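Here the protein sequences line up with chains A and B, keeping their order.
Here the working numbering is used: position 46 in the first sequence is 46, and no number is missing along the way.
Plus 1000 on top of the position in the second sequence (first one is 1) and you've got the working numbering.
The C-beta atom is built at its ideal place from N, Cα and C for all residues, glycine as well.
Quick caveat, the model's predicted, so the values are computed rather than measured.
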Amino acid sequence: MTAYVSRRGLQAVVVLLIVTLIVFGLLSLAPGSPASASLGPGSAHRPFLLAYLTWLNRAVQGNLGFSPRLNVSVASLLAASLPRTLVLTGVSTVLALVIAIPVGLLQAVRRGTAADHVLRGLTVLCYGTPAVVLGSVLVLFLAVDPPHVFGAEGPQAPGIAAVITDVRDMTLPVCTLTLVTVGIFARYMRSSALDSLSQDYVEAARARGAGEQRVIVAHVLRNSLVPVVTLLGLSLPQIVGGAVLVEGLFNIKGMGWQLWQAALRHDVPVTLGFTLIVAVAAILGSLLADIGYAFLDPRVRHAQP
Amino acid sequence: MRSGRAARQARKLSGAPSRAGRGRRLLAAGCAAAGLAVLAAACGPASGAASGPPHPTDTSTVTYALQPTTQATYIFPFVGATKPGSDFSVYNINDFQYQLYRPLYWFGHGVSPVLNPDLSIAYPPTYSGNQVTIKLKSTFKWSNGEPVDAQDVVFWMNMMTAENNLGNGYIGSSPGDLPSDVTNVRAVSQYEVTMNIVGPYSEAWFTNNQLSQITPMPIAWDVTASGPAHCATSVADCAAVYKYLDQQASSVSSYGTSKLWGVVDGPWKVQSLDSQGNLTMLFNDKYSGPVAPHHITKLIEVPFTTEGAEYNVLQDPTGSQVIDVGYLPTVDAPVPPAGADVGANPSSLPDYTLSPVYPWEIAYFPYDYSNPTSGPIFKQLYFREAFQDLVDQEGVISGPLHGYGKPGIGPVGDYPVTSYLSPALARKGDPWTLNIPAAKLLLSEHGWRQPAGGGPLTCADPGTGPKQCGPGVQAGAALNFNFIYASGQDFMESAARELASNASLAGMQINLTAEPFDDVVGAAFSATDHSWDLAEWGSWTYDPDYLPTGETLFQTNAPNNAGGYSDQTNDADITATLDARTPDAFSQAMYKWQDYLAGQLPVVYMPIRPVLTEAIKGLDIGVQNSALMITPEMWFYR
C-alpha cells in the first residue's frame, strides 16, 4: 500500500508541475503577462521559462504574488476566501454523501417500488434544478419572508471559527449546494448498487446463508462505493474552487467568486494563484480517489503499474 | 472625467442572478419543497433563528452597502495615470478617499452638480486677467493639528508636475490640462495660492474642470523612506515622494494602522479595511467642516457579490448584517406612476425609504469612425439619424428600467436640469423616438438596397451626391456591424436585443457580443482596435470635471473621444466655450455648441439611469448629490 501511495504521489507532483506550466503559459498569452503582473516591473522581458521558475519558486515558498487591482497579496485573499469555501462546499459534500448513499442504496434494493420512483424523481429534480434557482427559492421563503428563519447571506465575520459557528447564515448556502449535489451522488450510488446486486458474489453470499442486512452492508455497499469515491475525488477541485453561483447569491466572497472576478478584471496574479490551489485540489482529489480504490478493492493496490 | 458608472458596471458584471417573479416563485417552491423535506433532518432548525421586529438601530453607526463587486482599493488621493482605472472610480474616490481627504473644491449642492462653497476647503476662486487666486479657509485643520494651507495645495501641484513629466500624471487630468495650462504656482501667503493660466480660458471651465482636480496633501506626507523631503517646495523631490507614498498605499490592510494615512482633513479616519473590501471608518473628532448636530460616528462600508445578494439582505431586517443605506436593483423596483419620478417601495422593504438620484452624466455609445470598413458609413449624418431612429429610449425606460430613466438628447446631461443645458434642446426633448419606417426611408433615399441573395442592405449607389451613399462608402458596403457591450447589465441585455431586432427590420445586421466591462472600454478607447463598430460600456460621469464642455469627449483627438469623432465646426464651438471669459458668453457658447452637436448625433444617445437609494427609516441622509458625493458626517438618526 505504501509503495502504491508513493508512486501515485510522485506522479501527482509531475502532473502538478505540468498543470502550472500550462496555466502560466496560457496566461502569458493574455494581455499583460503573468510574469510582469506577478513579479513586478522590469520582469516583462524575462525568458518565459525563467519567469515561470521564478514564480514557481516563490509559490513554493508561499508567495503567490500581489494583486495590483485590489492592493492585497494573493495569499491574504486566499486566506480570507478559502475557509469560507471549504466550509460551504465541504459541509455540503459530506451532507450530500450522508444522504445520498443510503438513498441510492435503498433505491437499488427497492428497485421498481414506489419508494424507488419517488426518490428517483426527487434526486432528478435536485440534480436538474439550477443551484441559483434553488437558492433563490430558499432565500425567498426562509430568509426574506417572515419569520426570517435563516440568514439571507453567508457568514460575513472573518475567520473560519466565525464561519463554522454561524449556523443561521450558513444553513441556506449549505442546503442549496447539498440539494444539488445529493442528486448526483444518489444517482451514482443507485446505479452502482444495482450493478453490485447482480454480481455472483452477492448470490454466493446469500447461498451461504448470510442475512440480507449483512449482504447489503458487507458486500453490496462496499463494492458500490467505488464509483462514488471516484466522484468524490473529482469533486475535490469543486470543493476548493467553490460554487461560484451559490457564493454570488449568498454574498460569500469565496474561492469561486474571487477567481471569477479576478478573471473578469484580468487580475493575473490572483487568477494564477487561485488556479494553482484548485489544480492542487484536483490532483489531490484524484490521488485520494486512487487511494480510496486501493482501500476498497485490494486488486487495485496489488496490480502492477 | 471619471467613468463613474464603473461602479455600476462592475455590479452588473457580477452576473447578479435574476430574482424569481411571483409566478415562478410558486412553481419553483413546489419543486424545492420535496428537496427541503429530504434535507429537513440534515439542516434542522437553526439556533438563533430570529423573527419579529426590525433590528434595534444603533444610532451611532451606519452600514452602507457598496455597489456589487466594488470596494476601496487605494488610499493615496494622487492616483497616477499608470494605476488601474478602478482606483479612480466613484467607489474608491467619492466613497472612500474624499471621506478622508477633502478636495479643494466640493461639487454638488443638493441635486445640482455645482460648486458647494460650504463644503469646500477654499473660497470660490477669483480671477484677474490670467491670474487665479485661491484663498483657503483658515478653519480647516489636519488631524495632526496642522492647518490645511497654501503649501498643501502647492504640494499637490508640484506632484502633478513631477509625475506628468514622468508620464504618470494625475489620472483625472487630460493632456493640456493641469499642470500644463498654468505657470508660476505660488503660495503667496499661508492661505493664499496664485497661479497664472496659460492662454485664453473660461473662468467657469477653469473652476469646474481644472481646480476641481486638486486635493491638498499634508506636509506629513512630504517624506521618503529616508526621511523628510521637500516636494511641497521643490518639484525635484516629488518623484521620490510619490514612489514612497504609492508604496505605502500598496497594502490595504495597513490603512487602519498607518500613521501616514491617519493624517486626514476629512470627517473620517480608517479603522480597518480587509482584503475582502470591508471598510470601517470612524468619525474624525478634529474635522473642522460642517457636521450634523447628532451625526453618526461610525461608517461601515460593506461589499456585495451581486445586486441580488444585496437586495436579499435588504429584505431581511433580522440578519446579522443589516444595511442602513443600500440600493434597490432596478429590476425589483415597482414602476412609478406616470409622470412621477419615484414609485412605491417594494412591499418587502417596509423599513426603508426609496429615493432615486440621477448621476450627473450622459449615457451613450460611440461609433468607430476609424474603422476601415464601417467608419465611412458612420461618417454619414443620414446614417446616424437612421440609426438613432432605431433606438427605443422610451421603450428601454418603460421596459427593463421599470420607468427609472431619462432619455439622452445631446452631449450635455439633461437630468438633473442645469443651466448648462441649452434651453432649445430642453424644450425639444427627445426628437429621436423609435421610428423604423423613417430609418428605412433615409437609407433607401441614400442608395441602400437589399441584395438579391438576401442579407443586410448594401450600398447600390456609391457617390457623394445628396441621394447617394456618401463619401468614402464603397459599392457593396453592407450594413453589418459588430456591437460589443459590457456584460452583466440586465437592462442592456434587453436593450441590445431590441436594437438588433429594430435594426434588422430596417435592413441592418447587428452582431451582439457581451464582453467584460474592462474589455469593452479597452477596445472602445483604443486607437488601433477596430474589431468593433459600436461599443457600449454604460455612461460617462462628469467628475472631477463637472462642467460638461466637450473637449474631453467630442473634440478631435480628445483622449476620451472613443471612436474618433471629428468635426471642425464642433471643434471651433468647443474652443469657444473654453475661451469664453464671462458667464453670459460661456452660456451662449455652450448653447451654440450643443444645439449644433446634438443634431449631428456624434454618438448613439441612451437613457441615463438613477441609483435607487434605500435608507432605513429614521436615518436622515439629506438630499442626495448628483455628483455622487456622499456626506455621511451629515447623516443622523431622527
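For residue 1192 of chain B, the enclosing beta strand (DSSP E) stretches over residues 1192 to 1197.
With a cutoff of 8 angstroms on beta-carbon distance, residue 1105 of chain B and residue 1138 of chain B are scored as not near each other. Counting C-beta atoms within 10 angstroms of its own C-beta, residue 1591 of chain B has 16 or more neighbours from the protein chains shown and is therefore classed as buried.
Residues of chain B whose Cβ lies closer than 7 angstroms to the Cβ of residue 262 of chain A do not exist; the shortest such Cβ separation is about 11 angstroms. As summarised for the stretch 1583 to 1627 of chain B, the continuous alpha helix (DSSP H) elements at least 4 residues long and confined to that stretch are 1583 to 1600, given in chain order. In this structure, DSSP gives residue 1428 of chain B a helical state, which the three-state scheme calls helix.
Per DSSP, the beta bridge partners of residue 1295 of chain B are B:1636. Residue environment analysis places residue 1063 of chain B among the buried positions, since at least 16 neighbouring C-beta atoms fall within 10 angstroms of its C-beta. Residue 1376 of chain B carries a helical assignment under DSSP once its states are collapsed to helix, strand and coil.
When rounded, the separation of the alpha-carbon atoms in residue 1367 of chain B and residue 1195 of chain B is 39 angstroms. Distance from the CA of residue 1153 of chain B to the CA of residue 1182 of chain B, rounded to the nearest whole angstrom, comes to 14 angstroms. For the 8 angstroms CB-CB criterion, residue 1625 of chain B and residue 1145 of chain B do not form a contact.
Look at residue 1182 of chain B here: in three-state DSSP terms it is strand.
In terms of beta-carbon proximity, residue 1496 of chain B stays away from the interface with chain A, with every pair separated by 8 angstroms or more.
Under DSSP, the beta-bridge partners assigned to residue 1283 of chain B are B:1268.
Within the stretch 1294 to 1313 of chain B, the residues whose Cβ lies closer than 8 angstroms to any Cβ of chain A are, in chain order, 1302, 1303, 1304, 1305, 1306, 1308, 1309, 1310, 1312 and 1313. In the structure shown, the three-state DSSP call for residue 1290 of chain B is coil. Taking each of A:232, A:224 and A:11 in turn and checking the Cα distance to residue 192 of chain A, the smallest one comes out for A:224.
The Cβ atoms of residue 1574 of chain B and residue 1506 of chain B lie no closer than 8 angstroms to each other.
Judged by their CB atoms, residue 278 of chain A and residue 227 of chain A are not nearer to each other than the 8 angstroms cut-off.
Straight-line spacing of the CA atoms in residue 1511 of chain B and residue 1438 of chain B works out to 22 angstroms.
Here residue 1325 of chain B really is in contact with residue 1613 of chain B; their C-beta atoms are around 7 angstroms apart, less than 8 angstroms. Contact residues of the stretch 63 to 81 of chain A toward chain B are 68, 69, 70, 71, 72, 76, 77 and 80 (C-beta to C-beta distance below 7 angstroms). Taking the Cα positions, residue 1211 of chain B is about 33 angstroms away from residue 1341 of chain B. Across the structure, residue 1263 of chain B and residue 1218 of chain B are spaced so that their CA atoms are roughly 7 angstroms apart. For residue 116 of chain A, none of the residues of chain B pass the 9 angstroms Cβ criterion, the least Cβ distance being about 15 angstroms. Residues of chain A whose Cβ lies closer than 7 angstroms to the Cβ of residue 1084 of chain B are, in chain order, 68 and 69. Taking 7 angstroms as the cut-off between beta carbons, the residues of the stretch 1504 to 1522 of chain B near chain A are 1516 and 1518, in sequence order.
At a cut-off of 8 angstroms between C-beta atoms, residue 144 of chain A counts as an interface residue with respect to chain B. Judged by DSSP secondary structure, residue 1365 of chain B falls outside any alpha helix (DSSP H) and instead within the beta strand (DSSP E) spanning 1361 to 1366. For the 8 angstroms CB-CB criterion, residue 1100 of chain B and residue 1289 of chain B do not form a contact. Using beta-carbon distances, residue 274 of chain A does not count as an interface residue toward chain B, since no partner is under 8 angstroms.
When DSSP states are grouped into helix, strand and coil, residue 1122 of chain B belongs to the strand group.
Within the stretch 156 to 168 of chain A, those residues whose Cβ lies closer than 9 angstroms to any Cβ of chain B are, in chain order, 156, 157, 158, 166, 167 and 168. Closer than 8 angstroms to the CB of residue 152 of chain A there is at least one CB belonging to chain B. Within the same chain, and ignoring the five residues on either side of residue 1300 of chain B in sequence, the residues whose Cβ sits closer than 6 angstroms to its Cβ are 1063 and 1280.
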